[in-house]
Amino acid sequence: MTLQQLKETTQRSREAFRQTDIAQCLQQYRKNTPLTAEQRRQVMSDVHSRFSDVEAYLRENHPALTDEDVELCLLSALQYPSSAVADCLAVSEEAVRVRKHRMKTKLPREVQGVFWEKRAGARLLKTLFMKDTMQNVWRRFPLAVVWLMLLMVYAIWLCWAKAPSADNPAFLMSIGQRTALVYGLGMAIVLATTLKLWGEEVQRPSLYRWVTLAAHLLLAADTVWLLTHPEAIDWTGAIVARLSLIVALATAFFYAPFFREKDDLPVWNFTWRTFLWFSISFLTGGILTAGLLALISSFHYLFGLHVSEHWYLTLMVVTLLTTPVLLFLARIPEGDEKHDGVAVVSKYLIFVIRYLFVPLLALYLIVLYVYGFRILVRWELPNGGVGWLVSALMVGCVVVELGLYPVMRSGESKPFERWIVRWLPVLILPLLLLMTVGIARRLSDYSITPLRLYLLTFNLWCYAVCIGLFVGRARRIRWIMMSLAGVFLLTSVLPVNYTSISLRARRHKLDRLVENTLPATLPMDDEAMGAWITSLDDSCRKQVWDELDFLLDTDRRSVADLTSVKHMYPFASPTDAEHDELSTIDYSAKGPFALPEGYVQFHDEIYTYLKTEGEDAVQVTPDGFWIEQPNTDDSAKIPLFIGKNQILSCTIDAEKTTPLLCYSADSTYVLVVTRLNLRMNPDNTPSSGNVYGFLLSK
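For what it's worth, the numbering used here labels the leading residue of the sequence shown as 95, then goes sequentially.
What follows is the structure, given as structure tokens:
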């Protein structure tokens, strides 16, 4: 019998069995109503009689199969649930899953396909075209679907809404408010899905409902606060706090449903399958989006039809956001598949870890150990940047430990895998000391920042992970990511967090630096700030600039009593090795502009390269500099003045929309500067650069 004949015979036998009376019992099978002994005997008798040719093929061509293996193949060919198969065989569902896994080593893949239909491709097509997909998603995740639909409607509204303009100055929401609403709706989708996965395991439905209500009210309060404080989008502390919430919620998505599990294999299988389906869903959405966009674009080339960009954006919202999320929700494991505790070993994953990840980590280890030996011989401190290399090595270690977990639990691991899992964390431990010293040096040389505090905390967490993996022999793994998300959350969302600690420390240092030097009138505007910084001595000016620059970029409220400026003036000290390059000012006019009053004659489009030394150097004064633009008849040159305050205003007001106006000496000409790129000296005078604009005359 050929493979094709086997498929046809199995199909005929399946159809013949479904016409029997006992088949009706299996079709109505439920876990809480198990089959009687007589029903099980009748099922197996009918299966053996209907599938006699198939059974003969299996026994003749695959003598390694036992009687139990043959019966499992025949029952699986009926395509009934795993629980029904287990009841027919009078064994547990766990035993059925274990037998199916072991059968993969006994049957060729093409023969397996005759009995086990559920393949990744078949599942994807079934999910894509199954008419009850939306019904299943709505049944399981109704709240998440509601939030998704609201996000889709809001995104489509944004696609069609008009941007702020002179005709529409009161745009409904600012950029910060729009971002806050997207954050709230997106988080609500993940929150509702996570709580539902957890609620499926809770024996008290009322507890699930109350927790869901409380969690959504807290998220709504946070979103409302962001809507009323849109400027928070520029505060580092607010951004990091929300990022930590996202990380914590994403971690809970994978681990919250398994709080009753005594083993981490169900967690690993759920995470792996969910990750694969997430990738497949969004890859499908991307392909669908690209295909439809290309089809719509062809209307213009083939029929001359112009399609508004709003339709393109709307299509992308539906196919690149809504459709992939629905596909993903439809394929989140449920029931037995969700709690599958069988150690399924992926040969592809083992290959990638053994021949790609492990050699790469070995190279990292060699380089870092050589570097550690070098600084030990020279008796010098490690470079602060070594922390990033050790961090990358630690991330690779965690990936390897997690990837090898199934093979270690299956009992099929080889000595190489066992050695890596056991001793890789031990090899990294000495290098963590290099990272600790490097971070301490960075903190000592350049003061505290939130990033350095997080890096130090990550370093301490790495010590705990390496020691825990070695002592616990990697028997449990869920605590690794749970502890990382928990630490990140606790150091970010509390009133006293790493951002607030850094701001307090840097403000205290600034107060000591500027003691008795501040002007009488506070807060300082841009002009007063420039004059005050210029008045400081060289040893203090650079430190003050660094502290103010950090505080303004992190949270402007921390220095609101000192200055009203939004950004610091460009400054660089030629004596500082880390700042030996000159600062740069980049400015571009935003949107259309009105012609200056009285200047209605277009004269020329200007592109001028500036240099302050050598031939054709511009004339620099304390208040600005002069450029000379050739006249159209070449009889004379037009001198134009660009003021120093005009240049510096570009660095202060990031939302500046009016162009720079530079007048000639007799005010006959005006240069409307639409783009400016200058390299600045430490005294805020230009060194070189480019000026673009339009020259107008009266």
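The beta-carbon is built from N, C-alpha and C at its ideal position, and this holds for glycine as well.
Pair within 9 angstroms by beta-carbon distance, residue i and residue j
i, j, result
"Met281", "Leu201", "no"
"Ile721", "Val785", "yes"
"Arg601", "Leu645", "yes"
"Gly787", "Ile700", "yes"
"Ser519", "Phe564", "With the sequence shown as reference, residue 519 is identified as Pro, and Ser is not the correct amino acid for it. Taking 9 angstroms as the Cβ cut-off, Pro519 and Phe564 qualify as a contacting pair."
"Glu428", "Arg367", "no"
"Gly270", "Leu320", "yes"
"Met502", "Val489", "no"
"Leu337", "Ile283", "no"
"Val164", "Glu149", "yes"
"Thr618", "Val590", "According to the sequence as given, residue 618 is Met; it is not Thr. No, the Cβ-Cβ distance between Met618 and Val590 is not below 9 angstroms."
"Tyr757", "Leu734", "yes"
"Arg425", "Ser375", "yes"
"Leu616", "Thr657", "yes"
"Phe347", "Leu291", "yes"
"Thr288", "Ala579", "no"
"Glu187", "Ser176", "yes"
"Leu525", "Leu583", "no"
Neighbour-count burial assignment, residue i, 16 or more Cβ in a 10 Å radius
i, result
"Ile522", "buried"
"Val401", "exposed"
"Thr715", "exposed"
"Ala529", "Looking at the sequence itself, residue 529 is Met, so the reference to Ala does not match. Met529 should be labelled buried."
"Cys491", "buried"
"Val494", "buried"
"Gly532", "buried"
"Gly818", "This structure cannot settle anything about residue 818, because the visible part of the chain is limited to 95 through 792."
"Gly278", "buried"
"Tyr442", "exposed"
"Trp405", "exposed"
"Pro500", "buried"
"Trp362", "buried"
"Ala260", "Its pLDDT being 45, under 50, Ala260 is placed unreliably in this model, and the value from its coordinates should be taken loosely. When all chains shown are included, Ala260 counts as exposed."
"Glu641", "buried"
"Trp304", "exposed"
"Ile561", "exposed"
Inter-residue Cα distance where the pair is residue i and residue j
i, j, result
"Gly398", "Ala388", "15 angstroms"
"Ala184", "Cys556", "48 angstroms"
"Trp513", "Pro418", "40 angstroms"
"Met623", "Thr365", "54 angstroms"
"Leu97", "Val438", "27 angstroms"
"Lys587", "Leu313", "Just to set this straight, residue 587 is Val in the shown sequence, not Lys. Going from the Cα of Val587 to the Cα of Leu313 covers about 13 angstroms."
"Leu754", "Trp626", "25 angstroms"
"Leu475", "Tyr548", "21 angstroms"
"Gly692", "Leu770", "24 angstroms"
"Glu109", "Asp140", "13 angstroms"
"Leu527", "Val190", "49 angstroms"
"Arg485", "Tyr458", "A small correction: the amino acid at residue 485 is Ser; Arg does not occupy that position in the sequence shown. Roughly 11 angstroms separates the two Cα atoms."
"Gly718", "Leu789", "19 angstroms"
"Gly481", "Leu454", "17 angstroms"
"Thr199", "Pro157", "13 angstroms"
"Met774", "Ile736", "14 angstroms"
"Leu169", "Arg203", "18 angstroms"
"Leu154", "Leu462", "For clarity, residue 154 is Glu in the given sequence; the question names Leu instead. Going by the C-alpha atoms only, they are around 58 angstroms apart."
"Met246", "Thr306", "22 angstroms"
"Ile444", "Glu511", "9 angstroms"
"Lys194", "Phe235", "30 angstroms"
"Ala614", "Ala654", "15 angstroms"
"Leu554", "Gly479", "17 angstroms"
"Leu537", "Thr611", "27 angstroms"
"Leu244", "Leu414", "16 angstroms"
"Ala171", "Met228", "28 angstroms"
"Leu607", "Cys634", "7 angstroms"
"Leu129", "Asp181", "7 angstroms"
"Trp232", "Val276", "22 angstroms"
"Arg567", "Val559", "11 angstroms"
- Task: With a floor of 4 residues, list each alpha helix (DSSP H) that falls wholly inside the segment 132-199, ordered by position along the chain.
- Result: 146-155, 161-171, 176-183, 187-197
- Message: Counting beta carbon pairs with one atom in the segment 494-511 and one in the segment 431-446, are three or more of them shorter than 8 angstroms?
- Response: yes
- Message: Whether or not the segment 569-577 and the segment 348-360 are in contact is what I'm after, with contact meaning three or more pairs of Cβ atoms, one per stretch, closer than 8 angstroms; do they touch?
- Response: yes
- Item | Whole alpha helix (DSSP H) elements within the segment 504-569, 4-residue minimum | 509-540, 544-566
- In chain order, which beta strand (DSSP E) runs of at least 3 residues are fully inside the segment 302-377? none
- Query: If we count Cβ pairs, one from each stretch, closer than 8 angstroms, do we get three or more for the segment 336-355 versus the segment 293-303?
  - Reply: yes
- Query: Any chance the segment 242-256 sits against the segment 297-312, with 3 or more Cβ pairs inside 8 angstroms?
  - Reply: no
- Item | Uninterrupted alpha helix (DSSP H) stretches inside the segment 558-630 (no shorter than 4 residues) | 572-584, 592-607, 620-629
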